[in-house]
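Trainee:
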Amino acid sequence: MRATGVVVEYNPFHNGHYYHLQETKKATGADCVIAVMSGNFLQRGEPALLSKWKRTKMALLGGADMVIELPYSFATSHAPRFAFGSIFLLQSIGAETFCFGSESGDAELFSNTHESVNAQQETYQEFVRSFMSKGLSYPSAASRAYESLNIPLALDLSKPNNILGFEYVRASRELGSHIRPLTIKRKNADYHDVKLGEGNIASATAIREAIFTKDPRQAASYMPRYTLELLDEEQSEKGTLMNWERFYPLLRYQLLSTSPSEINRYYEVEEGLEYRMIEAMKRSDSFETFMKHLKTKRYTWTRLQRACLHVLNKVQKEEMLTILDSSPSYIRVLGMTATGRNYLSTVKKSLDLPLVTTVSKHDYAGLKMEAKTSLVYAQGAARDILRAEKEEFNTPPVMIR
38 MRATGVVVEY NPFHNGHYYH LQETKKATGA DCVIAVMSGN FLQRGEPALL SKWKRTKMAL
98 LGGADMVIEL PYSFATSHAP RFAFGSIFLL QSIGAETFCF GSESGDAELF SNTHESVNAQ
158 QETYQEFVRS FMSKGLSYPS AASRAYESLN IPLALDLSKP NNILGFEYVR ASRELGSHIR
218 PLTIKRKNAD YHDVKLGEGN IASATAIREA IFTKDPRQAA SYMPRYTLEL LDEEQSEKGT
278 LMNWERFYPL LRYQLLSTSP SEINRYYEVE EGLEYRMIEA MKRSDSFETF MKHLKTKRYT
338 WTRLQRACLH VLNKVQKEEM LTILDSSPSY IRVLGMTATG RNYLSTVKKS LDLPLVTTVS
398 KHDYAGLKME AKTSLVYAQG AARDILRAEK EEFNTPPVMI R
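Quick note: the sequence shown uses this note's numbering, first residue 38, plus one each step.
Okay, here's the thing in structure tokens:
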């Protein structure tokens, strides 16, 4: 059986994601589509709207055949490590290709751009450091560095999905991987669009905005029926859907009850950011207000949210870097269809990494971090918190016939 991979978060799964999965099948001709998916916390530094298990079910109903988990350390890291962890896992489980959505839609542009930049890697890194020393955020510094190389870059690296696509291609090349990149051009909605717009495809950002600030049913036509049902199910079980405001009291407690020196030990808290976080917290009665007080030109909103996640979860630099300095050490299966089970049965004896379906039977550092952060995630529930706390250990892989 031939497998292809996709890197996803599905927060929540919508019509654009369905389109991507169907086009991936057409483009690759693969027998099995494997989704590597972030767990309860996401790359933009946010808690997932609903649990990894509900999002896994959405993925399987939407066309994926297997969902494996991208560990917290990679899922909440900056783009290069996020991409490295994702591609490493897809390679490890035997995917021949991976397919990502992009503003470009031309995989050859990504490969050519990587070759051009890689030929001047040292100069590029010097430019990045120089621009960051002038107060630019990493994404802005990286974009300016690309421009400064004076090479004909046909790929627009100021676009968020193009940036991630470039990092996926770079990760696969650095791994010396046989896995081949393909890309599907994003349809209709831009990544950062906050309006639902016309047609039946909107960005996940716009859909979340509608869910939390408007009538959620306004977003109904932009999502499959099963996504709406699973959102309702999560709301019924936990009494709420998750966003940063659910965790703001916990974050506030952490910042106001912890010394600056201790806060500085948490991952991505650098250059005196701990003092700014404490002062911003004293002036804020909501997470949104806190972020507006915290924001500077030097740090992107996403970068600051990730730092807040690590404070919330008490993830220290040493513990995070120990995991990030190596490759993922296991493959955790979150769910499968019958096709996914058939594929796994054909490859499991040849896999280089151990398979994990039951967390309690293993002792990997990444799984320990997953258990700790999932316990924090459970505190956002408005009801039945004890049940939510047990999900990480008690939930078997989701099976869809």
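Ideal Cβ positions, reconstructed from N, Cα and C, are used throughout, including at glycine.
(1) Around the Cβ of residue 391, are there at least 16 other Cβ atoms within 10 angstroms (buried) or fewer (exposed)?
(2) Could you check the C-alpha separation between residue 374 and residue 96 for me, to the nearest Å?
(3) Roughly how many whole angstroms lie between the Cα atoms of residue 270 and residue 368?
(4) From the DSSP output, which residues share a beta bridge with residue 107?
(5) Whole angstroms are fine: how far does the CA of residue 44 sit from the CA of residue 435?
(6) In the DSSP assignment, the beta strand (DSSP E) including residue 287 goes from what residue to what residue?
(7) Give the DSSP-derived three-state secondary structure of residue 255 in the structure shown.
(8) Write down the C-beta distance between residue 112 and residue 79 rounded to the nearest angstrom, noting that I regard them as a contact closer than 8 Å.
(9) Tell me whether residue 45 sits in a helix, a strand or coil according to DSSP, three-state version.
(10) Got a sec? Which residues, its chain only, sit under 8 Å from residue 323 by beta carbon, not counting five neighbours each side?
(11) Pop quiz: residue 414 and residue 84 are said to be a contact at Cβ under 8 Å. What is the actual Cβ separation, rounded to whole angstroms?
(12) How would you write the range of the beta strand (DSSP E) that residue 218 sits in, first residue to last?
(13) Tell me the DSSP secondary structure of residue 130 in three-state form.
(14) List the residues that DSSP assigns as beta-bridge partners of residue 40.
(15) So, helix, strand or coil for residue 165, using DSSP?
(16) Measure from the alpha carbon of residue 360 to the alpha carbon of each residue in 118, 169 and 349, then state which is nearest.
(17) For residue 82, which residues from the same chain have a beta carbon less than 6 Å from its beta carbon, with the 5 sequence-adjacent residues on both sides left out?
(18) Please report the Cβ distance between residue 60 and residue 221, rounded to the nearest whole angstrom; I am assuming they are in contact, meaning their Cβ atoms lie under 8 Å.
(19) If distances are taken between C-alpha atoms only, which option among 173, 124, 334 and 337 comes closest to residue 74?
(20) Are residue 245 and residue 404 close, meaning C-beta to C-beta below 8 Å?
(21) Got a sec? Which residues, its chain only, sit under 8 Å from residue 331 by beta carbon, not counting five neighbours each side?
(22) Please confirm whether residue 401 and residue 366 have their CB atoms less than 8 Å apart.
(23) Are residue 52 and residue 259 closer than 8 Å when you measure CB to CB?
Mentor: According to the structure shown:
(1) Walking along the sequence shown from the start, residue 391 turns up at place 354. Classified as exposed, residue 391 has fewer than 16 neighbouring CB atoms from the shown chains inside 10 Å of its CB.
(2) As a first step, residue 374 is located in the sequence shown; it is residue number 337 there, counting from the start. As a first step, residue 96 is located in the sequence shown; it is residue number 59 there, counting from the start. Put simply, the backbone Cα of residue 374 is about 10 Å away from that of residue 96.
(3) To locate residue 270, count along the sequence shown from 1; it is residue 233. To locate residue 368, count along the sequence shown from 1; it is residue 331. Between residue 270 and residue 368, the C-alpha separation is close to 28 Å.
(4) Counted from its first residue, the sequence shown places residue 107 at position 70. 75, per the DSSP bridge assignment.
(5) Numbered from 1 along the sequence shown, position 398 holds the residue referred to as residue 435. Numbered from 1 along the sequence shown, position 7 holds the residue referred to as residue 44. Answer to the nearest angstrom: the Cα atoms are 18 Å apart.
(6) If you number the sequence shown from 1, residue 287 lands on position 250. From DSSP, residue 287 is part of no beta strand (DSSP E) but of the alpha helix (DSSP H) over 281-294.
(7) As a position in the sequence shown, residue 255 is number 218, starting the count at 1. DSSP places residue 255 in helix when its eight states are reduced to three.
(8) Mapped onto the sequence shown, residue 112 falls at position 75. Mapped onto the sequence shown, residue 79 falls at position 42. Rounded, the Cβ-Cβ distance is 7 Å, consistent with contact.
(9) Here residue 45 refers to the residue found at position 8 when the sequence shown is read from its first residue. Residue 45: strand per DSSP, three-state reduction.
(10) Numbered from its first residue, the sequence shown carries residue 323 at position 286. These residues qualify, in order along the chain: 282 and 285.
(11) Walking along the sequence shown from the start, residue 414 turns up at place 377. Walking along the sequence shown from the start, residue 84 turns up at place 47. Yes, residue 414 and residue 84 are in contact; Cβ-Cβ is about 6 Å, under 8 Å.
(12) Here residue 218 is taken as the residue at index 181 of the sequence shown, counted from 1. Unbroken beta strand (DSSP E) run through residue 218: 217-222.
(13) On the sequence shown, residue 130 is found 93 positions in, with the first residue counted as 1. Looking at residue 130 - three-state DSSP - the assignment turns out to be coil, as it is neither helix nor strand.
(14) Sequence index remark: in the sequence shown, residue 40 carries index 3 (1-based). Its beta-bridge partners are 69.
(15) Residue mapping note: residue 165 aligns to position 128 of the sequence shown, counting from 1. Helix, per DSSP.
(16) If you number the sequence shown from 1, residue 360 lands on position 323. Considering only alpha carbons, the answer is 118.
(17) For this step, residue 82 is matched to residue 45 along the sequence shown. Same-chain partners within the cutoff: 339, 342, 343 and 346.
(18) As a first step, residue 60 must be located in the sequence shown, where it is residue number 23. As a first step, residue 221 must be located in the sequence shown, where it is residue number 184. Contact holds; Cβ gap of about 5 Å.
(19) Locating residue 74 in the sequence shown gives position 37, counting from the first residue. Here the closest residue by C-alpha is 124.
(20) To locate residue 245, count along the sequence shown from 1; it is residue 208. To locate residue 404, count along the sequence shown from 1; it is residue 367. No. Outside cutoff.
(21) In the sequence shown, the residue the question calls residue 331 occupies position 294. 313, 314, 317 and 341, listed in sequence order.
(22) For this step, residue 401 is matched to residue 364 along the sequence shown. For this step, residue 366 is matched to residue 329 along the sequence shown. For residue 401 and residue 366, yes; Cβs fall inside 8 Å.
(23) Within the sequence shown, residue 52 is the residue found at index 15, counting from 1. Within the sequence shown, residue 259 is the residue found at index 222, counting from 1. Contact check for residue 52 against residue 259 passes: the beta carbons are separated by less than 8 Å.
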